[in-house]
Amino acid sequence: MTARAVRSARVENEFLIAVVMPAVFALGLYLPLKSVMEQRGLDYAQFLVPIIVLQTSAFTAVSAAQRSALDAMRGMNRRLSVMPVRSFVPLTSRMVTNTVRSIVSVVAAVLYGSVLGFRFGGSVLDPVMFVGFALLVGAVFSLGADALGLLARNPEATSQLLVLPQLVLGLLSTGFAPESSFPEWAQPFARNQPISHFAAALRELAQGTPHLSTFLPAALWLAGLTAVFVPLAVRAQRKSL
């Protein structure tokens with residue numbers, strides 16, 4: 061099943077999109093904002109790449125929701141339920157496919173970022189920890205989106221439901237601009253929402269200087285989302301059988 065899902069993703073050009081989207085984000089954001097951010101004393105390539113990674117993870121989640129909704133709409137899970145296949149296999153298969161796409165998009169984002177000037181710190185573990193944390197975040201996003209797709213059973217509606225929170229959380233975060241760039245009334249939200257914490261953690265992992273005060277909130281958000289999405293995904297999978 062996993063091989064079928066990966067082949068289907070390749071045929072539908074999902075991996076091509078995973079390579080192209082980070083380039084669109086990198087060029088579309090870096091070029092117009094570079095000079096403005098450098099006036100604030102920011103190395104914008106170093107600042108920007110983490111949010112590009114997170115945005116590509118969000119797009120992977122959208123494709124995950126479409127995939128699960130399509131399977132539910134076509135009755136794939138019901139057909140599998142009468143076959144000698146364990147109930148967790150379809151969900152596992154989809155998650156492996158999502159992870160493969162996440163790996164492609166994260167690596168592409170880092171490569172594009174390196175062209176712009178993004179660099180890891182001196183330790184060989186820095187890129188490993190950066191990519192590992194990014195993939196964990198992407199997996200949690202995809203798990204929640206997979207559950208939503210199974211429950212909605214409508215690929216188009218599912219995509220529309222996910223686009224708005226993706227845009228709001230992305231744009232109103234400290235991923236694209238520092239907290240001081242926001243109006244005072246928006247700063248508490250921008251500072252405390254999960255995307256901002258994930259972006260800050262990724263920046264420090266890239267620099268090789270992770271601090272507990274930065275990483276702990278990101279880890280708590282990740283644990284909280286996992287605690288919500290795992291049972292939701294399992295329940296949605298069982299309900300679809």
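Here our numbering runs 60 ahead of the position in the sequence shown, where the first position is 1.
Don't be surprised by glycine CBs; every beta carbon is placed ideally from N, CA and C.
Short of 7 Å in beta carbon distance, which residues of its chain neighbour T274, apart from the five on each side in sequence? Order them along the chain. On the sequence shown, position 214 is the one that residue 274 refers to. For T274, where only same-chain residues beyond five positions count, the Cβ hits under 7 Å are A260, A261 and E264.
Which whole-angstrom value is the C-beta distance of V197 and F258, which I expect to be below 8 Å? Residue 197 sits at position 137 when you count from the first residue of the sequence shown. Residue 258 sits at position 198 when you count from the first residue of the sequence shown. Right, the Cβ-Cβ distance comes to about 5 Å (below 8 Å), so this counts as a contact.
Leaving out five residues on either side along the sequence, give the residues of the same chain with a beta carbon under 6 Å from the beta carbon of M81. What you label residue 81 is simply residue 21 of the sequence shown in a count that begins at 1. Answer for M81: T116 and F119, listed in chain order.
Completely contained alpha helix (DSSP H) runs for the region 164 to 250, where each covers 4 or more residues: 185 to 212 and 215 to 231
Unbroken alpha helix (DSSP H) run spanning H257, endpoints: Translated into the one-based positions of the sequence shown, residue 257 becomes position 197. That run of the alpha helix (DSSP H) goes P254 to Q267.
Pull up the distance between the alpha-carbon of G192 and that of L185, whole angstroms please. Here residue 192 corresponds to residue number 132 of the sequence shown, with the count starting at 1. Here residue 185 corresponds to residue number 125 of the sequence shown, with the count starting at 1. Here the C-alpha atom of G192 lies approximately 10 Å from the C-alpha atom of L185.
Between D206, S256 and N73, which has its C-alpha nearest L114's C-alpha? Looking up residue 114 in the sequence shown gives position 54. Comparing Cα-Cα distances from L114 to each of D206, S256 and N73, the minimum goes to S256.
Apart from the five residues just before and just after G230, which ones in its own chain have a Cβ nearer than 8 Å to its Cβ? Working through the sequence shown from its first residue, we reach residue 230 at position 170. Result list for G230: I111, L114, Q115, A118, F236 and I255, in chain order.
Hey, how far is the Cα of S162 from the Cα of L272? As a working mapping, residue 162 is identified with position 102 in the sequence shown. As a working mapping, residue 272 is identified with position 212 in the sequence shown. In a straight line, the C-alpha of S162 is about 26 Å away from that of L272.
Given a threshold of 16 other Cβ atoms within 10 Å of its Cβ, counted over all protein chains shown, does G173 qualify as buried or as exposed? On the sequence shown, residue 173 is found 113 positions in, with the first residue counted as 1. Per the 10 Å Cβ criterion, buried.
Skipping 5 residues on each side, what residues in its chain have a beta carbon closer than 6 Å to that of L151? Taking the first residue of the sequence shown as 1, we reach residue 151 at position 91. Hits under 6 Å: Q297.
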